[in-house]
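Chains as they are written, first to last, in my numbering: chain A, 1 to 402; chain B, 403 to 804. In what follows, a single structure is set out as structure tokens and then discussed.
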DNA sequence: CGCTATTTGTTCAGTGGTTGAATTATTTGA
DNA sequence: TCAAATAATTCAACCACTGAACAAATAGCG
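Okay, here's the thing in structure tokens:
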């Protein structure tokens, strides 16, 4: 560790406190909270103010005796993150500022399966350009972009396999034109990172949820089933970045064959297609989200086939989730993606399996809840991950060439 | 971060490099490796030498031109860790020095099930006293102790549940007399930490194995089945410290009932008792380790019942492990505890299930290997965790009152 | 044997960043 | 109007790292 690292570290510590506080903290409060002296905090805050990462809040009318403190808030006219998402039946773009507010959000519904990767990415680039224009108009500077894809992605942004999209070895950053205005690498990170949809959705849930360092499993039920694993407040990506393939956890070793080559995988019981088929909606040939909405309506109306399909799917999901909870000792499971609207019916059987199968459930219960973020959660999560990177290491942003 | 933290950090960085190096590094090499100047490294090393954490190695006869370098090694007469273990059929104590060498090791075989916790811990205290005397004779200073228990342990060292030992809510630190000579808290950590046997065994494997930041699953097959999860070179304990309960992952949701209340848990297929019963060794009433040895002999001799039992157990284990590997994207699975001697027969079916069920196995193979540490791996791992704590934060040790 | 090249480790003035106390700024309450 | 109280800044001191110069120790070579 060099000498200058000290200042870098303290920039991150102070900025992190400002971000985590529930009300704008003063310099004095930051000093008390961090253990640094007020002199040091003042110097650090001066750097942050100069770099447009924080701003002084409007003075609050009533405080008490003494010189009034000036609260510090995250800047809403500084850097922002661009979040993009390609999924089977929609494209999305959004912009999130440092404070975590969604400042722009577009969702474009269309079945992407018959479309070539090149064409799909061209359409996405259009959405991105519009988002960028919007951001510039509001005085924001895009600091980077994250693209969510429903598949396995390697470090270079190559989409190795996106089965439900029919993609294989698609070099996304090159095709997306590397997002012309984002060409500068900030702090060694490329301007566009491509990541798995489930990972980014879990990140979104992490930052939308309560503060702290939670551990939870975010299950994303789309055509496939992905999971994002958050451990101690950090996304766990696995040795090669391919963690979370929960869809192929074996439920019955001799169950129906799965396209992965195994038998009785979770996906054959709880994948979107399996649920819809069991509910008698298979032939309808509706777009996936419409079909899910329809299923929720039927279940709400008490349709027996729908209720039975959801109960069975929930039980299979519960078996898999119970194994994960036993293994990782998680206290929360989040139902996201296509499962979020179905949560009222999936939750009871999942909870039942957990309480049957998790050793420690008796002492400390496991929470199962729908995702806090709605549509295109992965896009929002991706945009959030961009600004989080700046919050975690502000020195890199402050030292940028521009 | 205070100003002094800089030095604290650099002490840890330099000490870590010395520990990780495969041959004693010189101050100059450390400077080149860390990016610090030689002046700084010299100052840091002086502190470490004064604190008896490192020592200068014997000068090597041949070097080349220039002033000969003086290699630095971890001290073997400084702090050491005491590792203790209570299991169903043995007690163990060992002492590990900073360099990771086992300087003392005693295993005392006895069936602990009919013995009261108080009596068992009294016997263990005796082993610990002997280990301590040995350590003192060799010039070592015990810096702390870790006790491995086959059960769920909370932060305060209370054993909530050790089913195979028949323990429930046993306040171990109080009963062990808190190990009289270890009463000082070093750096906020109590002198005795109690932890799960599988966790400590995994830690032992982590440090005995190759350097780096590996991610692996260490499966410990004793009477119950526990697993220690190492992610990015760190043990993952879970939200409440109860991770790794792999024994109750569901294999067949409608399989035989398990004492946990669920059905078809892994333990009902691959627990020690289940394997022995399937091999026709159930009635023999041998101590567990003897029975395992006998089973290995039978399998080695080609006994059909033994081979069939092991193949079936390995398949069930493989199903569970495949799910874990899919979920966490691990590249290594270690067979430890009672599984280590059976690894030649368990490995093929486990590998077969992994290659059938793990999506990414085709691109990057998963290694399945027996544990590197032998008997009482958890005791060695626990002792190692004590000295690792010092290596990770040497300033705390250097600043100790004594 | 003496000289040079070479590499290691130490010394020392210089610098960046934190520290602690004193000082200034701004408000409330008597 | 003034004292009390709290917030923020200023400034000399200090700590740890930096860079360059220097001393130490060895190999190679004539």
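Think of the CB as a built atom: it goes at the ideal place given N, C-alpha and C, for glycine as much as any other residue.
Is it buried or exposed, residue 207 of chain A, if we count other Cβ atoms within 10 angstroms and call 16 or more buried?
buried
Where does residue 355 of chain A fall in DSSP's three states?
helix
Which class does residue 733 of chain B belong to by DSSP, given the choice of helix, strand or coil?
coil
Residue range of the beta strand (DSSP E) that residue 251 of chain A falls in?
Neither: residue 251 of chain A is in no beta strand (DSSP E) and is coded neither H nor E.
Am I right that residue 226 of chain A and residue 197 of chain A are in contact with their C-beta atoms under 8 Å? What's the rounded C-beta distance?
6 Å
At which residues does the beta strand (DSSP E) containing residue 403 of chain A begin and terminate?
For residue 403 of chain A there is no data in the structure shown, the boundaries of chain A being 1 and 402.
Leaving aside the five residues before and after residue 520 of chain B along the sequence, list all residues of the same chain whose C-beta is less than 8 Å from its C-beta, in chain order.
577
Indicate whether at least one CB of chain B lies closer than 8 Å to the CB of residue 249 of chain A.
yes
Within its chain, find whatever has a CB closer than 8 Å to the CB of residue 428 of chain B; leave out the 5 residues flanking it on each side and keep chain order.
Here the set comprises 471, 472, 473 and 474.
Using a C-beta cutoff of 8 Å, does residue 38 of chain A count as contacting chain B?
Closer than 8 Å to the CB of residue 38 of chain A there is not a single CB belonging to chain B.
Can you pull out the residues from the segment 727-747 of chain B whose beta carbon lies closer than 8 Å to at least one beta carbon of chain A?
728, 729, 730, 731, 732 and 733
Alpha carbon to alpha carbon, how far is residue 792 of chain B from residue 525 of chain B? Give it in angstroms, no decimals.
28 Å
Give the secondary structure of residue 304 of chain A by DSSP, where H, G and I count as helix, E and B as strand, and everything else as coil.
helix
Within 10 Å of its beta-carbon, does residue 581 of chain B have 16 or more other beta-carbons around it, so buried, or fewer, so exposed?
Unreliable positioning characterises residue 581 of chain B in this predicted model, as indicated by a pLDDT of 49, which lies under 50. The coordinate reading is nonetheless provided below. So residue 581 of chain B ends up on the buried side.
Residues in the same chain with beta-carbon distance under 7 Å from residue 611 of chain B, minus the five sequence neighbours each way, listed in chain order, please.
774
Counting only the same chain and skipping the five closest in sequence on each side, list residues whose C-beta sits under 7 Å from that of residue 785 of chain B.
A distance below 7 Å between beta-carbons, with the five flanking residues on each side excluded, links residue 785 of chain B to the following residues of its chain, in chain order: 483, 484, 485, 496, 497, 498 and 548.
Quick check: is any heavy atom of the ligand GTP less than 7 Å from the C-beta of residue 379 of chain A?
Although the ligand GTP was asked about, the structure shown includes no ligands whatsoever.
Look at the Cβ atom of residue 16 of chain A, then the Cβ atom of residue 155 of chain A, and state whether they are nearer than 8 Å.
no
CA-to-CA distance, residue 29 of chain A to residue 56 of chain A, given in whole angstroms:
Between the C-alpha atoms of residue 56 of chain A and residue 29 of chain A there is a straight-line separation of about 14 Å.
Ignoring anything shorter than 3 residues, give me the beta strand (DSSP E) runs that lie fully in the segment 486-550 of chain B, in order along the chain.
Listed in chain order, the complete beta strand (DSSP E) runs (minimum 3 residues) inside the segment 486-550 of chain B are 492-499 and 504-511.
Could you tell me whether the segment 339-357 of chain A touches the segment 234-252 of chain A, where touching means 3 or more Cβ pairs closer than 8 Å?
no
If we cut at 8 Å on Cβ distances, does residue 758 of chain B have a partner in chain A?
Chain A contact via Cβ: present.
Mind checking the segment 254-276 of chain A against chain B and listing, in chain order, the residues whose C-beta falls within less than 7 Å of any C-beta there?
260, 261 and 262
CB contact check: residue 153 of chain A to chain B, cutoff 8 Å:
no
Here's the rule I'm using: 16 or more other beta-carbon atoms within 10 Å means buried, otherwise exposed. How should residue 363 of chain A be labelled?
exposed
Determine the chain A residues that contact residue 721 of chain B at a beta-carbon separation under 7 Å, and present them in chain order.
250 and 253
What residues in its chain sit with their C-beta under 6 Å from that of residue 615 of chain B, if we drop five residues either side in the sequence?
634 and 635
Span of the beta strand (DSSP E) holding residue 458 of chain B?
Run containing residue 458 of chain B: 456-458, per the beta strand (DSSP E) assignment.
Let me know if residue 405 of chain B comes out buried or exposed under the rule of 16 or more other beta-carbons within 10 Å of its beta-carbon.
exposed
Nearest residue (CA-CA) to residue 193 of chain A, options A:199, A:157, A:200 and A:86
A:157
With 8 Å as the threshold, decide whether the Cβ of residue 633 of chain B is near any Cβ in chain A.
Interface residue, yes.
For residue 281 of chain A, I'd like the list of residues in its chain whose CB is within less than 7 Å of its CB, leaving aside the five on either flank, ordered along the chain.
Short of 7 Å from the beta carbon of residue 281 of chain A, and not among the five residues preceding or following it, lie these beta carbons of its own chain, in chain order: 291, 294 and 295.
Taking Cβ positions only, does residue 646 of chain B come closer than 8 Å to chain A?
Closer than 8 Å to the CB of residue 646 of chain B there is at least one CB belonging to chain A.
Interface residues of chain B facing residue 322 of chain A [CB-CB closer than 7 Å]:
What residue 322 of chain A touches in chain B: 652.
Considering Cα atoms alone, identify which of A:36, A:249 and A:48 is closest to residue 726 of chain B.
A:249
Flag residue 408 of chain B as yes if its beta-carbon sits less than 8 Å from any beta-carbon of chain A, otherwise no.
Against chain A, the CB of residue 408 of chain B has a partner CB under 8 Å away; the residue lies at that interface.
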